[in-house]
Amino acid sequence: PMWRNDKTDEERLHDRSTKEYREWSQSVLTRDNYICRYCGESKSGHMNAHHLNGYNWDKDNRFNIDNGVCLCENCHWSFHSIYGKGNNTKEQFLEWIGDINYEI
61 PMWRNDKTDE ERLHDRSTKE YREWSQSVLT RDNYICRYCG ESKSGHMNAH
111 HLNGYNWDKD NRFNIDNGVC LCENCHWSFH SIYGKGNNTK EQFLEWIGDI
161 NYEI
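Numbered according to my numbering, the sequence shown terminates at residue 164, and the numbering increases by one at each position without gaps.
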């Protein structure tokens, strides 16, 4: 019911309204058991699948489950309030989490 015929494939990729994106997001959340990888919050509120290397620039890994982690809304917002949106890297995530040896 939310499908819009007026969008191009490029617009769908830009706003992440593709089947591949939804499947990637669901796979990341399921793998992490809907537990925030930063604060440990589980299943309360909304969880987000966060790209480690930015969706906008790491096109080869957009839908690679290893390029994502589950974050609660608050932690996801916190990360992006520090590092901005787009052009993000796995190294920024490791710096933010405070442990460069963190197992992702």
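Backbone N, C-alpha and C fix where the C-beta goes; we use that ideal spot for every residue, glycine too.
Please identify the residue among the options whose C-alpha is closest to the C-alpha of residue i.
i      : options                               : result
Cys-96 : Tyr-81, His-136 and Lys-145           : His-136
Glu-80 : Asp-120, Cys-99, Asp-92 and Met-107   : Asp-120
Arg-82 : Ile-125, Asn-148, Lys-150 and Asn-134 : Ile-125
Give a yes or no on whether the C-beta atoms belonging to residue i and residue j are separated by under 8 Å.
i       : j       : result
Leu-154 : Val-129 : no
Ser-87  : Tyr-94  : no
Ile-157 : Tyr-98  : yes
Asn-108 : Asp-118 : no
Note the first and the last residue of the continuous alpha helix (DSSP H) segment covering residue i.
i       : result
Asn-148 : Careful: Asn-148 lies outside any alpha helix (DSSP H) and carries neither H nor E.
His-136 : 133-143
To the nearest whole angstrom, what separates the beta carbons of residue i and residue j, a pair I think is in contact under 8 Å?
i       : j       : result
Leu-131 : His-110 : 5 Å
Give me, in chain order, the residues of the same chain whose beta-carbon lies closer than 6 Å to that of residue i; leave out the 5 immediate sequence neighbours on both sides.
i       : result
Gly-146 : Gly-114 and Asn-116
May I ask whether a heavy atom of the ligand FAD can be found less than 7 Å away from the beta carbon of residue i?
i      : result
Cys-96 : As presented, the structure is devoid of all ligands, the ligand FAD included, so that no description of it is given.
Starting from residue i and walking both ways along the beta strand (DSSP E), at which residues does that stretch end?
i       : result
Asn-108 : 107-111
Excluding the five sequence neighbours on either side, which residues of its own chain have a C-beta within less than 8 Å of the C-beta of residue i, listed in chain order?
i       : result
Phe-123 : Glu-80, Tyr-81, Glu-83 and Trp-84
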